[in-house]
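Using UniProt numbering, you'd call the opening residue of the sequence shown number 1 and step up by one each time.
Note that the Cβ used here is the ideal one computed from N, Cα and C, for glycine as well.
The model shown is predicted, which means the values in this text are computed figures rather than measured ones.
The structure appears right after this line, and notes come after that.
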Amino acid sequence: MSQEAVLGGLLCCLLMAIVVVADSPYRFFEWNVTYGYIYPLGVKQQGILINGQFPGPEIHSVTNDNLIINVHNSLDEPFLISWNGVQQRRNSYEDGVVGTTCPIPPGKNFTYILQAKDQIGSFFYFPSLGLHKAAGGFGGFRILSRPLIPVPFDDPAGDFTLLIGDWYKANHTELKAMLNRGRRLPFPDAVLINGCGPNGFTINVDQGKTYRLRISNVGLEHSLNFRIEGHKLTLVEVEGTHTLQTTYSSIDVHVGQSISVLFTADQAPKAYYIAASTRFTTRILTATAALRYSGSGQPLSGEPPGGPTNQIDWSLNQARSIRTNLTASGPRPNPQGSYHYGLINLTRTIRLASSAGLVDGKQRYAVNSVSFVAGDTPLKLADYFGIPGVFRVGSISDAPTGRGMYLDTSVMQADYRAFIEIVFENRESIVLTWHLDGYSFWVVGMDGGEWSPASRNGYNLRDAVSRCTTQVYPRSWTAIYVALDNKGMWNVRSEFWARQYLGQQFYLRVYSPVVSIRDEYPIPKNALLCGRAAGRHTRPL
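Now the structure itself:
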C-alpha cells in the first residue's frame, strides 16, 4: 500500500472518530518498536528501542494538535504505550493501559489517535505492560502554547528534555520473573540521564543566556533530587501548569513526575556537573552529566555537588512552596487561575490507603485492601460491549476497610461532572507517588500523621498547583481535588512500577447514563479487540 493511501486512510479514520478540530493541524509519527543492544553502564543490555533510539524520539506538539502515532510492534511479545499526563479527553480507549486498550500483538501495529486538547507542558510516554519500562521504550512529550497565548517568561536560548530515572543492569524479563516469584526488586544499579551513565550526556550553553530544562523522572521507583553545580533553578511549569517562579538550589522530582526549570549560564566559562541523586535511601546513587560553556575545553573536575538525602521535611516544604501562577495564561485565552476550585462544593470524599503484604505466600500491594488483577478483557471494552463477569463496579471501597489483602479486578464508580476530594494515605515508611490518568488535579494539602476532616482547615484553596502525579510522604497524607469532567475508564495507580505490577492500582469509571459524543467519543474504528471482545464489531461512527 502506498504512503499516500496509508495517510489517507488514517485521516479518514480520524475524521470518522470525531476527534478533530477544524483549525488544528495534524502531526504524523511512524514508530517501530524493537529490541536492541544498549550500553548505558558500559555493559551490554537488551533495550527496547523506538526507531532505533534509546530513549525514544521526543514528541513535539502544540495545544490542540491532532497526533497520529502508528506503532509497529517488532518485539516477540505484546506491547502498549501510555501517555503520562497527556489527557485523552473523552477518549480513554487511547489511554494505552491494560484496563482500556488491547496490547499490540507481536508483528502487528496500532495507530494511536490523540489530541493535545487544551493542554500545554512537559510530559513523557512509556511502555505500560509488565516491566517493559525497565528496558526503555520511553521518551519526552512536550506540548507548546499556541502562538497567540502568552507564556510568562521570555523565550529561552535553548529548550532541553532530560529523562532521569533509576536503572537496572538486569533484563526486564529477569525483573518481571523476580516479581512473579513473589520477591521484591533489589536496589537499582544506577541512575541514568537521557539513557546515559556517568558524564555520558552534555548540554552546551553560551555565557549569559537562559535555558529551559524539561525534567521527567521515568524510573521505576526512586525519587530523585536534581541540581546543577553553581547554578540556580527557577521552577516555571509542572505537568501543564505554569507555576510561581520560585528559585531553588536543587529540586526533587518524584517518580512519574515532570517539571520545567529555567537556569541562566551566569558562571565562569567551564564545565559544570549536572547531577540527579536518589532520595530517602540509605545508599545514594548519583547520575552525572556535563553543562559545558562554549569556548571552554576544560573537563569536569572535582566532585559532583551534594544534595539532600533523607530530609523529609525539606522535601515536604519544597512541595508546599510550589504554587500556580494565577496571572499566567493557560492553553486557552482565559487565565489559568480563573477556575475557582476552592469555592466549589465537594460531592464526595474518597480515601485511599496503600498497603503491602503477602497473598498466597507471594508479595502483593494493594489499595484499600484490594490488590488489582487484570481481567481477561480490557475493562473499557467489556463496559462498551456489555460483557458480564469481567469486572464489578464497587469492587473497591472508597475508604480503607481494615480487611486483609485480597485479589480482585477493582473498579470504583464516580459520577460524571462530580467534584470530589481524594485523600491518599501512606501508612508505610517510604515515599509513594500516585498518578491519575485522564486528569489534572489540585494538590490542596499534604502533611504528616493521619488525615481527618479537620485537616481541611490547612488546605490551599486559592493557588494550589494542578498536576497529574503527586507524592505522599512516609506516614503522611496528600489531598487532591478533582473535577470529574472526563468521562471514561481511568487508571489510578502507584508510580512505583513493581507495586503497580503487583496490584497497587484500580480503575475509576467516570460514568453518565447519557450517551453523547459531547461527553465521550465512540470506540475508534481501528480499536484492537481481544479477550472476550475479540470478533466483535465496532459500530459505524
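Per DSSP, W497 is one residue of the alpha helix (DSSP H) stretching across W497 to Y501.
DSSP places H60 in the uninterrupted beta strand (DSSP E) bounded by I59 to V62.
The residues L235, V236, E237, I322, R323, T324, N325 and V465, in chain order, have a CB closer than 8 Å to that of T243 in the same chain once the five nearest residues on each side in sequence are set aside. The C-alpha of L379 is placed about 8 Å away from the C-alpha of M489. Separation of the CB atoms of V218 and A287 is rounded to 12 Å, and the pair is thereby denied contact status at 8 Å. Under the 8 Å Cβ criterion, the stretch 420-432 counts as touching the stretch 350-358, having at least three qualifying pairs. For H435, the secondary structure class from DSSP, reduced to helix, strand or coil, is strand.
About 11 Å separates the CB atoms of F126 and G140; that is not less than 8 Å, and the two are not in contact. No Cβ-Cβ contact shorter than 8 Å links S260 with R227. The shortest C-alpha to C-alpha distance from A366 to any of M405, A399, A374 and A170 is the one to M405. Excluding five sequence positions before and after T247, the CB atoms of its chain that fall closer than 6 Å to its own CB belong to K232 and T234, given in chain order. For I251, the pairing in a beta bridge is given by DSSP as F226.
Distance check between R456 and each of V472, D463, I480 and L436 places I480 closest, using alpha-carbon atoms only. Distances from the alpha-carbon of I143 to those of N84, R183, Y168 and R403 put N84 closest.
V205 is the residue among E239, V205 and V373 whose C-alpha sits nearest the C-alpha of G295. Looking at the DSSP output, K362 shares a beta bridge with V359.
In the assembly as shown, L358 is an exposed residue. Its beta-carbon has fewer than 16 other beta-carbons within 10 Å. L213 is bridged by DSSP to F160 and V261. The alpha-carbon separation between Q363 and A374 amounts to approximately 17 Å. When DSSP states are grouped into helix, strand and coil, R283 belongs to the coil group. Judged by DSSP in its simplified three-state form, S440 adopts coil rather than helix or strand.
Taken in chain order, no unbroken stretch of alpha helix (DSSP H) lies wholly in the stretch 442-498 with a span of 4 residues or more. Where L114 is concerned, the enclosing beta strand (DSSP E) starts and stops at N109 to Q115. The criterion of a C-beta distance shorter than 8 Å is satisfied by Y273 and P305. With respect to P55, G195 sits close: the two C-beta atoms are nearer than 8 Å.
When only Cα atoms are considered, I193 and H222 end up about 14 Å apart. In the DSSP annotation of this structure, the continuous segment of the alpha helix (DSSP H) that includes Q318 starts and ends at I312 to S321.
Per DSSP, the continuous beta strand (DSSP E) segment holding E237 begins and ends at L233 to V238. Secondary structure at G342: helix, using DSSP grouped into helix, strand and coil.
Beta-bridge annotation (DSSP): L300 is not paired with any residue.
About 11 Å separates the beta carbon of L80 from that of G99, a gap too long to meet the 8 Å contact definition. A483 and W442 have their C-alpha atoms roughly 9 Å apart. Shown here, S410 sits in a strand according to DSSP, grouped into three states. Contact between R403 and S369 holds, since their C-beta atoms are separated by about 4 Å, short of 8 Å. With respect to the 8 Å criterion, I149 and S24 are not classified as neighbours on the basis of their beta carbons. In chain order, V393, R509 and Y511 place their CB closer than 6 Å to the CB of Q413, counting only its own chain and leaving out the 5 sequence neighbours on each side.
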